[in-house]
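Enquirer:
Residue numbers (my numbering): 445 to 743.
#1: Report, in whole angstroms, the separation of the C-beta atoms of residue 467 and residue 506, which I expect to be a contact under 8 Å.
#2: Quick check for students: name the residue ranges of the alpha helix (DSSP H) that lie wholly in the segment 528-595, counting only runs of 4 or more.
#3: Among 672, 579, 686, 723, which has the Cα closest to the Cα of residue 566?
#4: Given 8 Å as the limit, is there contact between the segment 542-555 and the segment 571-587, that is, 3 or more CB pairs closer than that?
#5: Count the CB pairs spanning the segment 640-654 and the segment 590-608 that are closer than 8 Å, and state whether there are at least three.
#6: Considering only the alpha carbon of each residue, which of 687, 457, 451 lies closest to residue 464?
#7: What do you get for residue 674, buried or exposed, if any count of 16 or more other CB atoms within 10 angstroms of its CB means buried?
#8: Ordered along the chain, which non-local residues of its own chain (more than five positions away) have a Cβ less than 6 Å from that of residue 601?
#9: Among 493, 622, 663, which one has its Cα closest to the Cα of residue 597?
#10: Cα-Cα, which of 510, 499, 504 is closest to residue 492?
#11: Here's the rule I'm using: 16 or more other beta-carbon atoms within 10 Å means buried, otherwise exposed. How should residue 633 be labelled?
#12: Could you tell me which residues DSSP pairs with residue 724 in its beta bridges?
#13: Going by DSSP in three states, residue 518 sits in which element: helix, strand or coil?
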């Protein structure tokens, strides 16, 4: 059995660490020269450990995972406190080029899906097939203005009141069914205690979700003209159990903008998780759906 190879890549303003899990070579993906095409799995701000279970279902393919800049093993070197999807996209382009295996297939989750859309808009030559699962961009939903304000308020709450108060708002945001009303600010703020979160501010402000990526990710406007013109096959997906939530509604709108049908995957926003971070999806069924999309010979 070949062990995972952890590699280091210096990019502009960050040092990235990524893992390459060699496959058995029996997968359907075929890269340049008839070689197997790697499958890159990305999230944001979720690190590589979140794909442990899902990667185990693709042992026949080389699977690459990484920690985004400012998360886990990947350190920022520029001192910046926020990151834009375009910066993540540049990191991903450099990572794919470092693999030296030609265009890759990409499964991208949540903020990773937003970053992958930015990657394909600029460097579609590096991606053969992109499966973008529930990209949470507020720019595309009908309630755009309110959604942008709600997301910005989560970030502002984090800077003002700390992690517990902001995370309570984030959880309320992600679980809400339907559109955000124009008068959302008049609604009572959710209590951290109701979610089992700390009510005291510990003074830290280094959270990569609430601090570094919250505003950049949710305010990203996909370049649909560039995406439709890219050589990449783009599949936008949402979880069956996610219907009506913010990220799933954004997925519907992104699929419409790209001009492709929405793919419905099993489970929810974290449907590929098999206990990572204490969350359980339906990873076997999710992997089966993902494999069917990636192996679709009609595309």
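All C-beta atoms in this analysis are idealised placements derived from N, C-alpha and C, irrespective of residue type, glycine included. Model, not experiment: these values are computed from the prediction.
Expert: Concretely, from the data shown:
#1: Here residue 467 corresponds to residue number 23 of the chain shown, with the count starting at 1. Here residue 506 corresponds to residue number 62 of the chain shown, with the count starting at 1. Residue 467 to residue 506, Cβ: 5 Å. Contact.
#2: Runs of the alpha helix (DSSP H) spanning 4 or more residues and lying entirely within the segment 528-595 occur at 529-543, 555-567, in chain order.
#3: Indexing the chain shown from 1 puts residue 566 at position 122. Nearest Cα to residue 566 within the set 672, 579, 686, 723: 672.
#4: Enough Cβ pairs lie closer than 8 Å, so yes.
#5: Yes: at least three Cβ pairs fall under 8 Å.
#6: Walking along the chain shown from the start, residue 464 turns up at place 20. Residue 451 is the option with its Cα nearest to residue 464.
#7: Here residue 674 refers to the residue found at position 230 when the chain shown is read from its first residue. With 16 or more Cβ atoms within 10 Å of its Cβ, residue 674 is classed as buried.
#8: Within the chain shown, numbered from 1, the residue matching residue 601 stands at position 157. Listed in chain order, the non-local C-beta contacts of residue 601 below 6 Å within the same chain comprise 609, 610, 613, local neighbours out to five positions each way being set aside.
#9: Translated into positions along the chain shown, residue 597 becomes position 153. Selected option, being the one with the closest Cα: 663.
#10: As a first step, residue 492 is located in the chain shown; it is residue number 48 there, counting from the start. Of 510, 499, 504, the residue nearest in Cα terms is 510.
#11: As a working note, residue 633 is residue 189 in the chain shown. In the assembly as shown, residue 633 is an exposed residue. Its beta-carbon has fewer than 16 other beta-carbons within 10 Å.
#12: The residue given as residue 724 occupies position 280 in the chain shown. According to DSSP, which records beta bridges pairwise, residue 724 is partnered with 718.
#13: In the chain shown, the residue the question calls residue 518 occupies position 74. Of the three classes helix, strand and coil, the one that applies to residue 518 here is strand, per DSSP.
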